[in-house]
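I have placed the structure first, in the form of structure tokens, so that the comments after it can refer back to it.
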Amino acid sequence: MKSLHVRPVKRLSGEIRVQGDKSVSHRAVIIGSIADGLTRVTNFLPSDDCIRTIKAFESMGVTIKIDGDSLEIYGKGPSSLTEPPDVMDMGNSGTSARLLAGLLSGQPFFSVMTGDNSLRRRPMKRVIEPLRMMGANVWGRREGEFLPLCIKGGVLQGISYRMPVASAQVKSSILLAGLFAKGKTTIEERMATRDHTERMLEYFGVNVVRNGVTVTIEGSQGLRPRDIEIPGDISGAAFFMVGASIIEGSEIVIKDVGINPTRTGIIDVLREMGASIEVYNLRDMGREPVGDIKIRSAPLKGIEIKGDRIPRVVDELPVVCIAAAVAEGETLIKDAAELRVKESDRIAVMAECLSSLGVEVKILEDGMRIKGVKGLKGVVCHSHGDHRIAMSMAIAGLVAEGETLIEDTECINTSFPKFEEILKEICISSL
Ligand code: S3P
């Protein structure tokens, strides 16, 4: 089993780039695979999760050439996919499983998806229910709550659907099914979630009508292939943003980071805590805004993080917990029950990790209260197979006294294979 040993550093310094955005990388493969012609992708994230999506489309007859972080996707149009000859294993990737459930519901063939121990415990009814309302035939364990899922796709009917959970995966799944449905599909969100699917579909020439938190798509539209450059992943950048904020004397620049407003909750949260963050050199990559981010260390204070800010920072909350652990005063995270159904129960696991670091934590049903302390203690901890827990604890280890050992860090490859390498680039251990 792989593990990571981390010791305190003097400061973080330097200029880096993070790998391509995971959400956008998945969507590039999915949408490029049903476009009519060659889609070239650069700065693709070749992580385990995104490779699962590639493998799924290869098994449905799409030719995809991978060269490092570049892809060539030879799409043959929306009705060109063929029945996969075997079960498609989505590994740890919730995005692959949920988005593909929507797409597969509209295909005239039979397919089966499964996943690893963690993914087979994650809720699928949230996508299956609206897909069944559209006429999809989907079966799964516990009435469709858990993988493996069997789908016999067919003719779908557009629906109007108000989402009970704030989830971009659910929204995207219904949108992809809507592309193959008769008539219009309208989705109303409770709170805005990441809109990469909407943006990429528009970029491929699909008419997507957006009005506040409502989005409508009409079925049977063609997709024009495009070249896509994927922005740096702000969820990966978040680890270094917190690291540079909490290690005195640090100053780093992260270039070409995606700053889609549905994803920048981490910048708002850290700034409210007192962080020094400058975003500049703003420009667009396709339909996605990007910028360079400069972070200097600054004393942080505890704040409240709740409501419609949660979906904009949902994946970054584990590392926000590390910022909260060394901030002055108390941080309250609430309205974040979704954390319980991520790659691990991130409320329970982060609370356990923070306690071991010597931090006082109170667990709430939908979040936690964290009381900042002056110094953290180095620990031996376990990732629980969750990449974001592993990387958050690595950042804690940079400021904790003694050595921090994180066990089971193989999972980091699901979203950020170069995490350790890039972290080493900016760690200054002595003067
Ligand atoms: C994602 C959406 C989010 C996020 C996940 C990626 C996506 O999940 O946590 O890491 O790519 O659409 P939910 O939509 O379930 O909140």
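For this note's numbering, add 787 to where a residue sits in the sequence shown, where the first one is 1. Backbone N, C-alpha and C fix where the C-beta goes; we use that ideal spot for every residue, glycine too. Please read all numbers here as calculations on a predicted model, not as lab measurements.
Of the choices the options, whose alpha-carbon is the least far from that of residue i?
i	options	result
G931	A1111, P910, R814 and R839	P910
T1118	G940, E1059, G1172 and H1169	E1059
I860	H813, G878 and G881	H813
M978	G1045, G970 and A955	A955
V1056	P1018, L1069 and D1102	D1102
K1088	V1029, S883 and D1020	V1029
I1097	V1107, D1122 and I1046	D1122
E1038	A1062, T826 and D1020	A1062
V925	D854, T1049 and A884	A884
G1162	E1005, V811, V1113 and I1041	V1113
D1014	F1206, S800, D823 and K809	D823
G970	L963, I1150, V1128 and L943	L943
V1128	F933, R929, G862 and F1026	F933
CB of residue i to nearest heavy atom of the ligand S3P: below 7 Å?
i	result
D1102	yes
G819	no
H1174	no
S954	yes
H792	no
T980	yes
E976	no
E932	no
G881	yes
E985	no
H813	yes
S810	yes
S959	yes
E1147	no
E1125	yes
Can you check DSSP and say which residues form a bridge with residue i?
i	result
R1070	V1077
C1168	I1193
S790	E1194
A968	L943
D823	K863
K1129	BP columns for K1129 are empty, so no partner.
G1045	V1077
I1034	In the DSSP output, where bridge partners are listed per residue, I1034 has none listed.
C1214	L799
G807	G1019
D854	S857
D873	Paired residues: none, contrary to the question.
R1156	L1119 and K1149
V1040	E802 and K1081
S1063	R1083
Would you tell me roughly how many angstroms separate the C-alpha atoms of residue i and residue j, rounded to the nearest one?
i	j	result
L868	L890	10 Å
I946	L966	12 Å
V793	G927	41 Å
K1081	R798	15 Å
G941	G922	8 Å
V1148	R1133	13 Å
K842	V816	10 Å
T850	G1154	43 Å
P1204	I915	31 Å
R827	V1106	33 Å
S866	A1024	37 Å
M900	S846	12 Å
R1070	K852	28 Å
H1169	T1003	43 Å
G1052	V993	28 Å
P1048	V811	14 Å
D1079	N998	29 Å
T882	L832	14 Å
A968	M920	12 Å
E870	P895	8 Å
Please report whether the beta-carbon of residue i lies at a distance below 8 Å from any beta-carbon of chain C.
i	result
G992	Absent here is chain C; the protein component of the structure consists of one chain.
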